[in-house]
Amino acid sequence: MTPQPASTAERPRVGEALPAPRPVSFLRTVRVELRKMVDTLAGRWLVIVTLLIAVIIMGSFLWVTSDERHNVVELFQIVALPFSILLPVIGVMAATAEWSQRAGLVTFTLEPRRWRVIAARVIAGTFLGLGVVIATFAAAWAIGGIADLAGLNVTYHVDGWPLFGLVVLLLLSVIQGIAFGFLFLNTPAAIVAILALPMVWQIGAGLSQRIADLTPWLELNTAARALTAAPEMTGQQWAQLGTAVAVGIIVPLAIGSWRVIRGEVK
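Read in order, the letters of the sequence shown are residues 64 to 329 in this note's numbering.
Okay, structure coming up:
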């Protein structure tokens, strides 16, 4: 039997343009951005140090107050203050990695649609922050179990609203860090700005009553504090949270996204 020649129907002809490659899926972009956040030495160690600090704080608190009764949610709430400082730094580094390491040219060559990179980085940074929060709560549960075995009085009753409010508060701090990272496109400047801004508001509120009246409406940390203070927020507190999110997250993120989309990558 005479062999038949291979079909050339799918072969491009000489001079014919090759078919365009399939675009990168958004889910893959999110996975790549999430992996890039923890693949770098600085990003990986920042997450590790954050978790170690949380474990040390919770363990030290139980050791100092060994005669008192504790709850695992209380242990989790103790690390809220250091987390409100460290989690925005994770967000800043997630947003400024391409610009501080001069790798933006590679990223935007592989994915020319910059708005997709921005959206993927916001989602990936939020997932990373949520992962750190979940890991910390799991550590609080484990430390509480160890303390219970050691004879300390630890309960496991979980009140849903304070826990939910604290998680939302910490995630907002991560997203604000991402927004400031895009706004400045410079890691040190963004970190200084996001850490100094609450102190500036506190100083201003102490000097002027008008600034003190505006602080709950414009300063995100102050407005979001109501999420953990009471089981039900009033309409005014929700309005304050909405305006603070708009001023502290949406506006910087919009300006920063415009800078990334319109900026020249070198």
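Virtual Cβ for every residue (Gly too), placed ideally from N, Cα, C.
Item: Beta carbon of serine 320 nearer than 8 Å to that of phenylalanine 245; Value: yes
Item: Bridge-paired residues (DSSP) for histidine 133; Value: Val217
Item: Euclidean distance between Cα positions of alanine 117 and leucine 97; Value: 22 Å
Item: Contacts around glycine 167, its chain only, beta-carbon distance under 7 Å, and the 5 residues preceding and following it disregarded; Value: Glu161 and Val328
Item: Whole-number beta carbon distance between leucine 144 and valine 196, since they are thought to touch under 8 Å; Value: The pair is not a contact, with the Cβ atoms about 14 Å apart (cut-off 8 Å).
Item: Chain-order list of residues whose beta-carbon lies under 8 Å from that of aspartate 102 (same chain, five-residue window excluded); Value: none
Item: Under 8 Å between C-beta atoms of leucine 114 and threonine 199; Value: yes
Item: Meets three-Cβ-pair contact criterion under 8 Å: the stretch 248-267 and the stretch 178-195; Value: no
Item: Unbroken alpha helix (DSSP H) run spanning glycine 311, endpoints; Value: No alpha helix (DSSP H) holds glycine 311; DSSP gives it neither H nor E.
Item: Threonine 297, DSSP secondary structure in three states; Value: coil
Item: Three-state class that DSSP yields for serine 123 in the structure shown; Value: helix
Item: Of the listed residues Phe89, Val308 and Arg288, nearest to arginine 184 (C-alpha basis); Value: Phe89
Item: Start-end ranges of the beta strand (DSSP E) lying completely within the stretch 229-269, minimum 3 residues; Value: none
Item: Euclidean distance between Cα positions of serine 129 and alanine 210; Value: 9 Å
Item: Aspartate 332: first and last residue of the uninterrupted alpha helix (DSSP H) it sits in; Value: Residue coverage of the chain in this structure runs from 64 to 329, which leaves residue 332 outside it and unanswerable.
Item: Of the residues Pro261, Asn284 and His133, the one placed nearest valine 308, counting alpha carbons only; Value: Asn284
Item: Delimiting residues of the alpha helix (DSSP H) encompassing proline 279; Value: 272-281
Item: Reduced DSSP secondary structure (H/G/I, E/B, other) of arginine 325; Value: helix
Item: Under the three-state DSSP convention, the category glutamate 161 falls into; Value: helix
Item: Alpha-carbon spacing of tryptophan 107 relative to methionine 100, whole angstroms; Value: Reading the sequence as shown, one finds arginine at residue 107 and not tryptophan. C-alpha separation (whole angstroms): 7 Å.
Item: Contact belief for valine 237 with leucine 304 at Cβ below 8 Å, rounded distance in angstroms; Value: Valine 237 to leucine 304, Cβ: 16 Å. No contact.
Item: Neighbourhood of asparagine 216 by C-beta distance below 8 Å, restricted to the same chain and skipping five residues each side; Value: Glu131, Arg132 and His133
Item: Cβ-based neighbour list, valine 135, same chain, cut-off 6 Å, excluding 5 preceding and 5 following; Value: Ala203, Trp204, Gly207 and Tyr219
Item: Continuous alpha helix (DSSP H) stretch holding alanine 292: start and end; Value: 289-292
Item: Presumed contact (8 Å Cβ cut-off) between isoleucine 312 and alanine 242, rounded CB distance; Value: 5 Å
Item: Residue from Gln140, Pro86 and Leu258 whose Cα sits closest to the Cα of phenylalanine 227; Value: Gln140
Item: For alanine 6, the nearest candidate out of Ser147, Trp126 and Gln239 (CA to CA); Value: Beyond the ends of the chain as shown, which are 64 and 329, falls residue 6; an answer cannot be given.
Item: Contact under 8 Å by Cβ, alanine 289 with glutamine 300; Value: yes
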